[in-house]
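Beneath this line is the structure, given in structure tokens, with notes to follow.
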Amino acid sequence: MEKRPASFYVLGAFFALFMLFLYGPTITIAILSFQGPEGGLTFPMRGVSLNWFRELFMEQAVGDIWGSFRRSLVLGLMVMVTTVVVSVMAGLAFRQRFAGSTVLFYLVIGSLVIPSILVSMGIGLLFDRTGLGNHWATSAFGAHLTWTLPFGILIMFAVFNRFNPAYEEAARDQGASTGQVFAHVVLPLIAPALVGVALFGFTLSYDEIARTVLASGSRNTLPLEIWGMTTNVTSPVLYALGTLTTLFSLSLVALVILSVTVMQRRRARNGSDAGRGMV
Amino acid sequence: MRRANLNSWLLAAPLTGVLVVFLILPILLIVAVSFWSADEFSFRPDFQFGNYAYLFGSAVAWKVFGLTFMMAIIVWALTLLIGFTIAYFLAFHIRTQKWQMALFLLTTIPFWTSNIIRMISWIPLLGKNGLVNQTLISAGIIDEPLQWLLYSGFSVCLAFVHLYTLFMVVPIFNTMMRIDKSLIEAARDSGASGFQILTNVIIPLSKPGIMIGSIFVIALVMSDFVTTRFMSGSQLANVGRLISNDIGLLQYPSAAATAVVLLISVLLTIGAMLRLVDIRKEL
Numbered sequence: 000m001e002k003r004p005a006s007f008y009v010l011g012a013f014f015a016l017f018m019l020f021l022y023g024p025t026i027t028i029a030i031l032s033f034q035g036p037e038g039g040l041t042f043p044m045r046g047v048s049l050n051w052f053r054e055l056f057m058e059q060a061v062g063d064i065w066g067s068f069r070r071s072l073v074l075g076l077m078v079m080v081t082t083v084v085v086s087v088m089a090g091l092a093f094r095q096r097f098a099g100s101t102v103l104f105y106l107v108i109g110s111l112v113i114p115s116i117l118v119s120m121g122i123g124l125l126f127d128r129t130g131l132g133n134h135w136a137t138s139a140f141g142a143h144l145t146w147t148l149p150f151g152i153l154i155m156f157a158v159f160n161r162f163n164p165a166y167e168e169a170a171r172d173q174g175a176s177t178g179q180v181f182a183h184v185v186l187p188l189i190a191p192a193l194v195g196v197a198l199f200g201f202t203l204s205y206d207e208i209a210r211t212v213l214a215s216g217s218r219n220t221l222p223l224e225i226w227g228m229t230t231n232v233t234s235p236v237l238y239a240l241g242t243l244t245t246l247f248s249l250s251l252v253a254l255v256i257l258s259v260t261v262m263q264r265r266r267a268r269n270g271s272d273a274g275r276g277m278v
Numbered sequence: 000m001r002r003a004n005l006n007s008w009l010l011a012a013p014l015t016g017v018l019v020v021f022l023i024l025p026i027l028l029i030v031a032v033s034f035w036s037a038d039e040f041s042f043r044p045d046f047q048f049g050n051y052a053y054l055f056g057s058a059v060a061w062k063v064f065g066l067t068f069m070m071a072i073i074v075w076a077l078t079l080l081i082g083f084t085i086a087y088f089l090a091f092h093i094r095t096q097k098w099q100m101a102l103f104l105l106t107t108i109p110f111w112t113s114n115i116i117r118m119i120s121w122i123p124l125l126g127k128n129g130l131v132n133q134t135l136i137s138a139g140i141i142d143e144p145l146q147w148l149l150y151s152g153f154s155v156c157l158a159f160v161h162l163y164t165l166f167m168v169v170p171i172f173n174t175m176m177r178i179d180k181s182l183i184e185a186a187r188d189s190g191a192s193g194f195q196i197l198t199n200v201i202i203p204l205s206k207p208g209i210m211i212g213s214i215f216v217i218a219l220v221m222s223d224f225v226t227t228r229f230m231s232g233s234q235l236a237n238v239g240r241l242i243s244n245d246i247g248l249l250q251y252p253s254a255a256a257t258a259v260v261l262l263i264s265v266l267l268t269i270g271a272m273l274r275l276v277d278i279r280k281e282l
């Protein structure tokens, strides 16, 4: 193998520093969440305990954490399913040019770059003025979709730009209906990407603040609850909560990576019998 | 052709519906409200330009818009520099695809965790009694803890770089991976140095990725109010906070006027950048 140039080591060191910058703070609060009962928000550690995690589970101690967690979980799942379904449909639509497709595409980009506070305030006002009332499952749900759908649709674009239509043609030539082609050919081929879209849908909703803040009504989602806690909670309980929710997000990512890997392995093993002759 | 159109419309209908109800209508409502009038306690439908006149006559508003643009430019430059370097390292210095994917994944994982928690994570490091100050004091470099590490313009900027560099790395890495390696070999065979290859081959060919990353970062920073409020300890103002403060005082018409001006400035900036790249082709 060719000898590595000096620039490799310089850039490698830069990359390592960047990783430290990226993960250092998170690791720090993970350590500090095990702070002893007398300890504060900074080092040194005054003993090691599970005190702050215990406090999270005592209902009165800190706000409505578990209620807001349940709401965020349900809302995240709602947004996830809707994002996947709507993105796939739109992705299929965009495979052909249709009247208005360019306008719709720029609207999607607009949805991504429009300042979140406008979405939040506009939806908040709309639901307030029309008498519908703001609620996390209606107005905040819509606000989240304006943020998750562009990601979902951009992924679908990337998928269909690389999609080989020969498979569909082959299925159609063998007499498959449009529905059968979608269910037995297209869907299995795009499945790994859909897992990605689902991850975007769930986590972007689960962590969203700016578009939710004026459109969630009287009951907080988890990030809003944490956002509120930052002004009045000054104990490591905040770190304990942060550590738990980070672990939750990380296990979702691990689950997704695992399932995509399994899908690809299975595809590599059972995918094609081309060239093996008639069985 | 007709049939294809109808089919596509049906498939695109849910997307269109969501965007009409939750994007277009709310924005139109904000535009309408920006012409309404308000007193201390309430606001009512009207058609007058007082909110805009007040905004454009306010020295504070001009200053805050200026600060917001400046922050966007600083964060853009930093994220571009760092993001490009990281993507370049991953794309051209890591030799096996397995390692490339592993390190790329490592760079992107924090994106999936909560932004507010990632901001909170800076407290034990940058606070008055934080790790950085403790280290500097015990090393004898400073006597008094540095006050500007947290709740300052510095910490706001740091948090932006921390949260958004990823939006540069991903699209730049993506375009770099599609550069035909034989172009680089050709340049090397013609006697180009590593630096010449970087400036004459890699940077020009990475431009679409750079543009997409820039659009993300600039849009996110210009319209932020959460990061600025938390990381500056409510001490620093930007346009987003101007709007949210007005909303806190129930001054919706004035908030709406500021929001419309912000929207126009963001759309003009992004529109200009979109002319330089065809996003649909780059995905």
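Going down the list, the sequences are from chains A and B. Counting from 0, one number per residue, gives the positions in the first sequence under numbering that gives the first Met the number 0. Counting from 0, one number per residue, gives the positions in the second sequence under numbering that gives the first Met the number 0. Yeah, the Cβ is synthetic: ideal placement off N, Cα and C, and Gly gets one too.
When secondary structure is reduced to three states using DSSP, B/F42 falls in the strand class. Look at A/G66: its C-beta is not under 8 angstroms from any C-beta on chain B.
Contacts with chain B at 8 angstroms (Cβ-Cβ) do not include A/S204. For A/Q34, the three-state secondary structure derived from DSSP is strand. Looking only at A/Y205, A/L223 and A/S204, the smallest Cα-Cα distance to A/V212 is reached by A/L223.
Interface with chain B (8 angstroms Cβ-Cβ cutoff): A/Q263 is excluded. The three-state secondary structure of B/S120, taken from DSSP, is coil. For B/R117, the C-beta contacts it makes with chain A under 8 angstroms involve P24 and T25, in order along the chain.
One alpha carbon belongs to A/T229, the other to B/L182, and they sit about 52 angstroms apart. In the structure shown, B/S213 adopts helical secondary structure according to DSSP, grouped into three states. Taken atom to atom, the span from the alpha-carbon of B/I72 to that of B/I217 is near 8 angstroms.
Taking 8 angstroms as the CB threshold, B/T95 stays off the interface with chain A.
For B/Y163, the closest Cβ of chain A is not nearer than 8 angstroms. The beta-carbon of A/L19 is placed no less than 8 angstroms from the nearest beta-carbon of chain B.
For A/G62, there is no enclosing alpha helix (DSSP H), as DSSP marks it with neither H nor E. Buried is the label assigned to A/G75, since at least 16 other Cβ atoms lie within 10 Å of its Cβ. As for any alpha helix (DSSP H) of minimum length 4 sitting wholly inside the region 94-140 of chain A, the runs are 100-112 and 115-128, ordered along the chain. At a cut-off of 8 angstroms between beta carbons, A/A92 contacts chain B.
At a C-beta separation below 9 angstroms, A/P164 has no neighbours in chain B, since its nearest C-beta there lies roughly 14 angstroms away.
Listed in chain order, the non-local C-beta contacts of A/L221 below 6 angstroms within the same chain comprise S67, F68 and S71, local neighbours out to five positions each way being set aside.
Within the DSSP bridge table, the entry for B/S36 names B/R43 as partners. When secondary structure is reduced to three states using DSSP, B/V63 falls in the helix class.
Comparing alpha carbon positions, the residue from A/S115, A/P187 and A/E168 closest to A/N269 is A/P187.
The bridge partners DSSP lists for A/V47 are A/Q34. For B/R274, not one C-beta of chain A is nearer than 8 angstroms to its own C-beta. DSSP places B/N173 within a helical segment (H, G or I) once states are collapsed to three.
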